[in-house]
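Numbering (our numbering), first residue to last: 731 to 1095.
Inspection log for the structure reproduced underneath, given as structure tokens.
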């Protein structure tokens, strides 16, 4: 679905709408990147696809108005981690399938409010950076342009509503929701925008196949690593290490956070989910920790890992798209990284911030 949206012009309309919503304030392009990240998260559910789509559209514009390249790349990269949190998240689906016994719908719902919380925190961070760096640019549209942008963008905003509503009320499963999103994107791009021809679907399918193949190679490699980790009895050693903390759920979660943060620095999100989620899941159940809250913290922590060096998959994506030096991006990323770590700690220490909205959305309150 992400490839279709980019090819068919839907991604461009989303970015334009984000600019219309908040681009009129000082430092508008940075705010637009964060708002676009929130919207794209509800369309794609993948941090890599999100970074590629937003970076490809906004990074050249940011450079043209005088943004430091590293700073521009940093705001795009930091916003991309919202992708695995706001539904529909492919990582939540993977987590639920790996550990078993978890409702994917509930995993989706628990990510909604924290994803918005991250977006708000990044906007606050950007507010101070704009004043420190002296960015003064704003984006203005005429009345006619505003009307055109709204008319163009409404199909993009309708998709997450239909998708979440369909999953929440049991009209289709999360997997079927992915197929629905792809079909919806094809119809909109072919018939409404008319920027994509049926013949273009072949190229889109080929690119999607390459992406899927790369993910499956990671899954295969992670399965092999998982086999050797099990053979070396590392899961038993991790359990033995964490068992003394079972009587203190908060301390256990803080230690798990530190452990996951270190893992996220050297391994990508997908293999970490496949290898370590089944190891840690029984532990948190023994400690009486809400499994959906654990799932949120697990994915959010490892999501931060994809923008943390030395691995930082998203960092390399953004550097490639924006022709940004890696060291320059890292230097300008620090305040965003600190902001997201503060959000992670806040959600860990106060689990009800995420659990109560999930229960309300599921009609359990």
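Using N, Cα and C, we set each Cβ at its ideal position, and we do this for glycine too.
Taking just the CA atoms, how far does residue j sit from residue i?
| i | j | result |
| --- | --- | --- |
| residue 988 | residue 1075 | 10 Å |
| residue 900 | residue 980 | 34 Å |
| residue 746 | residue 1094 | 37 Å |
| residue 1082 | residue 1091 | 14 Å |
| residue 869 | residue 933 | 34 Å |
| residue 761 | residue 851 | 11 Å |
| residue 735 | residue 915 | 6 Å |
| residue 891 | residue 818 | 11 Å |
| residue 930 | residue 1077 | 43 Å |
| residue 1085 | residue 1033 | 19 Å |
| residue 1062 | residue 749 | 23 Å |
| residue 1048 | residue 1035 | 15 Å |
| residue 1051 | residue 802 | 12 Å |
| residue 1067 | residue 894 | 29 Å |
| residue 1001 | residue 1038 | 16 Å |
| residue 1031 | residue 833 | 20 Å |
| residue 961 | residue 954 | 11 Å |
| residue 790 | residue 759 | 11 Å |
| residue 862 | residue 773 | 33 Å |
| residue 1064 | residue 754 | 26 Å |
DSSP on residue i, reduced to helix/strand/coil?
| i | result |
| --- | --- |
| residue 847 | helix |
| residue 978 | coil |
| residue 930 | helix |
| residue 798 | coil |
| residue 749 | helix |
| residue 1094 | coil |
| residue 925 | coil |
| residue 1053 | coil |
| residue 819 | coil |
| residue 814 | coil |
| residue 739 | coil |
| residue 1019 | coil |
| residue 995 | helix |
| residue 826 | helix |
| residue 1080 | coil |
| residue 1038 | coil |
| residue 963 | coil |
For the putative contact between residue i and residue j, defined by C-beta atoms under 8 Å, what is the C-beta separation to the nearest angstrom?
| i | j | result |
| --- | --- | --- |
| residue 756 | residue 923 | Not a contact, Cβ separation roughly 32 Å. |
| residue 765 | residue 752 | 6 Å |
| residue 1101 | residue 825 | Because the chain in this structure spans residues 731 to 1095, residue 1101 falls outside the shown range and cannot be described. |
| residue 910 | residue 896 | 7 Å |
| residue 1044 | residue 805 | Going by Cβ atoms, the distance from residue 1044 to residue 805 rounds to 12 Å, so no, they are not a contact pair. |
| residue 822 | residue 1029 | 6 Å |
| residue 835 | residue 1007 | Residue 835 to residue 1007, Cβ: 18 Å. No contact. |
| residue 977 | residue 1041 | Not confirmed; about 34 Å, so no contact. |
| residue 982 | residue 1017 | 5 Å |
Could you tell me which uninterrupted alpha helix (DSSP H) segments, each at least 4 residues in length, are contained entirely in the segment 831-903, listed from first to last along the chain? 834-863 and 873-898
Can you list the beta strand (DSSP E) stretches of 3 or more residues lying completely in the segment 755-795, in chain order? none
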